[in-house]
């Protein structure tokens, strides 16, 4: 299990190195990128959460938030190669699901609307880019290969291979 975890961390660091032109090495990604640090915290917190150690899971999550400014609930499910760029202010809710190879910029919220009881947060597909300041709210589905423009508010499902901006306006399909 530890070997698998180390491989995942290495893949996360490689992903940062490949996606961020300002990152000059994998070591730099590991030491200096809060997007990498929060993934380490989240994997530990998620493990504890899945083993019903809720208090300790939330404690680890809050410690990660304190150090990075990124809040990911331990119950959130995150796929491989999530790239969090300039992550300050990101909030990812408990029932959120994020697919593989996604990019999230600063000040993004994957949150609830307060109306739903069980599944309250969005499900994000693979290869999705969510621009800075965007709010994706409620138990909605964002398809694969979607681009969400900066400062958008998304409250309804978005089909795959779409670009959306503003208040969910589709500009490319």
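Residue numbers (the numbering used here): 88 to 260.
By construction, the Cβ of each residue, glycine as well, lies at the ideal position given by its N, Cα and C atoms.
These numbers were taken from a predicted model, which means no experiment stands behind them.
DSSP, reduced to helix, strand and coil, places residue 194 outside both helices and strands of the structure shown, so it counts as coil. Residue 110 and residue 125 have their C-alpha atoms some 17 Å from each other. By the 16-neighbour rule on beta-carbons within 10 angstroms, residue 239 is buried. Taking C-alpha positions only, residue 208 is separated from residue 180 by approximately 6 Å. Here residue 252 has 236, 239 and 258 as same chain residues with Cβ atoms under 6 Å from its own Cβ, once five neighbours each way along the sequence are excluded. Counting C-beta pairs with one atom in each stretch, the region 165–174 and the region 185–198 have three or more that are closer than 8 Å, which means they touch. Here the alpha carbon of residue 134 sits roughly 15 Å from the alpha carbon of residue 184.
Looking at the backbone, the Cα of residue 104 and that of residue 121 are separated by about 13 Å.
Excluding the 5 residues flanking it on each side, residue 92 has same chain C-beta neighbours closer than 8 Å at 130, in chain order.
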